[in-house]
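Protein chains: 2
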Amino acid sequence: MNEHKLLIDNIREKVNISEEDIAKLIPYFKLKYIKKKKDLNRIGDNCNELTFVVEGALRSYSIDDKGNEHVSQIALEEYWIGDVFSFVTGKPSLFAVEAIEDSKLLVISAYDLDRIYLEVPIMERFFRKLFENAYVAATMRINSSNSDQADLRYKTLIKTFPSIAERIPLIHIASYLGITPESLSRIRKNI
Amino acid sequence: MNEHKLLIDNIREKVNISEEDIAKLIPYFKLKYIKKKKDLNRIGDNCNELTFVVEGALRSYSIDDKGNEHVSQIALEEYWIGDVFSFVTGKPSLFAVEAIEDSKLLVISAYDLDRIYLEVPIMERFFRKLFENAYVAATMRINSSNSDQADLRYKTLIKTFPSIAERIPLIHIASYLGITPESLSRIRKNI
DNA sequence: CGCGACGTTGATTTGCCTCAACGATTGTGG
DNA sequence: CCACAATCGTTGAGGCAAATCAACGTCGCG
């Protein structure tokens with residue numbers, strides 16, 4: 001049950017929730033193990049799931065017309081990841097979700113989440129806050145992309161998430177920052 | 001009450017809500033008029049408000065170390081705007097909110113919104129969905145910024161919001177896209 | 001009217017990309 | 001357990017999209 005403890009702590013950071021309510025929602029989260037480089041979801045699937053990372057690291061990415069990947073999210077332990085576009089709209093996903101390391105996950109489907117909202121209304125508040133924070137983070141990322149040069153964006157990222165620099169391949173960090181691996185390699189050399 | 005009709009429609013697009021609940025929440029929204037180029041909030045203020053645009057157009061922007069403005073949001077009628085960073089964290093705002101046209105607004109404070117969540121719980125769902133959508137839009141914008149050239153980003157923007165091209169000064173659209181006014185002027189020439 | 005905001009155009013510069021080659025490390029099948 | 005391939009990161013050369021710098025026309029408004 002240790003994997004659930006991390007999730008419960010994550011929920012309790014944002015809302016007050018009783019033991020009974022916790023007991024009600026836990027069964028809806030499915031424990032899943034995934035090997036490095038395996039896809040949790042592929043582009044074009046209906047990704048009606050949100051994933052909480054208990055152990056490991058995941059990324060989501062899209063593929064453009066020329067076949068180039070673009071990393072849109074990187075999630076380490078205690079973070080949430082998923083193709084929120086597909087999750088929210090119900091349309092086929094534009095993003096794939098892939099494990100960067102062997103990972104241990106707790107996965108909730110959109111269908112089950114709707115049931116949780118009915119059975120445990122406080123969770124509506126939890127996810128409201130989760131998406132508020134995600135939106136703020138995305139806004140800051142856009143702002144940084146429009147204001148700062150690549151080297152500063154990299155420094156800000158590894159200051160916020162130091163372990164990303166050690167655990168995540170350069171090629172994915174570069175893509176997340178919107179630059180090429182060659183450019184990031186040169187940026188690292190100059191630090 | 002016409003200004004409230006637009007807001008009520010906006011809420012009903014996302015949730016089923018009774019007339020009684022509507023009646024409860026309406027008084028919390030304050031009607032406000034603002035003149036072109038006037039600030040609704042300045043950087044450094046505590047912006048504990050969210051704004052629904054009934055008529056007109058607003059933008060939010062930050063200012064970087066070199067004194068350059070960077071537009072982070074543009075909101076026309078029926079859209080929401082605010083410094084969500086300050087709204088969510090309670091910290092002094094990093095973004096200013098300014099009227100691009102003379103505008104008619106409905107403004108809700110964080111304090112009153114918390115009271116609404118208690119009195120009209122369905123509104124928790126409404127804002128959960130609002131932020132879900134805002135997050136998805138922000139993600140798509142990041143993805144476009146990392147995948148597409150400036151001219152395509154501009155074309156996509158005016159395809160989605162045709163009236164932006166007519167109503168919003170080029171200088172603000174350019175800033176929103178993360179390019180200079182000179183570049184956007186040249187892009188327009190080539191269309 | 002006169003000033004400031006806005007948009008345009010040209011000349012030049014630059015940050016990052018593209019293309020290419022090449023070690024180092026990791027993973028895999030025989 | 002080794003051999004080989006694939007992945008990952010580095011470095012160099014050259015190119016390009018967009019920035020910068022500068023000048024100027026137009027419009028709206030106090």
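Protein sequence lines correspond, in order, to chains R and B.
The numbering used here puts the first residue of the first sequence at 1, with every later residue one more than the last.
The numbering used here puts the first residue of the second sequence at 1, with every later residue one more than the last.
Beta carbons are placed, not taken as given, at the ideal position from N, Cα and C, and that holds for glycine.
Helix, strand or coil, according to DSSP, for residue i in the structure here?
| i | result |
| --- | --- |
| residue 109 (chain B) | strand |
| residue 36 (chain B) | coil |
| residue 158 (chain B) | helix |
| residue 139 (chain B) | helix |
| residue 30 (chain B) | strand |
| residue 166 (chain B) | helix |
| residue 48 (chain B) | coil |
| residue 190 (chain R) | coil |
| residue 133 (chain R) | helix |
| residue 146 (chain R) | helix |
| residue 16 (chain B) | coil |
If residue i sits next to residue j, beta carbons under 8 Å apart, how far is it from one beta carbon to the other, in whole angstroms?
| i | j | result |
| --- | --- | --- |
| residue 96 (chain R) | residue 43 (chain R) | 5 Å |
| residue 158 (chain B) | residue 165 (chain B) | 4 Å |
| residue 128 (chain B) | residue 128 (chain R) | 4 Å |
| residue 105 (chain R) | residue 160 (chain R) | With 8 Å as the limit, residue 105 (chain R) and residue 160 (chain R) do not qualify as a contact, their Cβ atoms being about 23 Å apart. |
One question on the structure: do residue i and residue j come within less than 8 Å of each other, judged by their Cβ atoms?
| i | j | result |
| --- | --- | --- |
| residue 84 (chain B) | residue 132 (chain R) | yes |
| residue 144 (chain B) | residue 153 (chain B) | yes |
| residue 32 (chain R) | residue 107 (chain R) | yes |
| residue 81 (chain B) | residue 53 (chain B) | yes |
| residue 109 (chain R) | residue 49 (chain R) | yes |
| residue 62 (chain B) | residue 70 (chain R) | no |
| residue 183 (chain R) | residue 150 (chain R) | yes |
| residue 88 (chain B) | residue 88 (chain R) | no |
| residue 14 (chain B) | residue 130 (chain B) | yes |
| residue 142 (chain B) | residue 142 (chain R) | yes |
| residue 124 (chain B) | residue 125 (chain R) | yes |
| residue 114 (chain R) | residue 28 (chain R) | no |
| residue 103 (chain R) | residue 47 (chain R) | no |
| residue 121 (chain R) | residue 121 (chain B) | yes |
Following a CB-centred definition, is residue i positioned closer than 7 Å to any heavy atom of the ligand NAD?
| i | result |
| --- | --- |
| residue 134 (chain R) | No copy of the ligand NAD occurs in the structure displayed, which carries no ligand at all. |
Touch check for the region 20-37 of chain R and the region 1-10 of chain R: three-plus C-beta pairs under 8 Å?
Yes, the region 20-37 of chain R touches the region 1-10 of chain R.
Are three or more beta carbon pairs between the region 68-86 of chain B and the region 44-58 of chain B nearer than 8 Å?
By the Cβ test, the region 68-86 of chain B is in contact with the region 44-58 of chain B, since at least three Cβ pairs between them sit closer than 8 Å.
Any chance you could list the alpha helix (DSSP H) runs of at least 4 consecutive residues sitting entirely within the region 53-117 of chain R, in chain order?
Considered as a whole, the region 53-117 of chain R harbours 84-89 as its complete alpha helix (DSSP H) runs of no fewer than 4 residues, in chain order.
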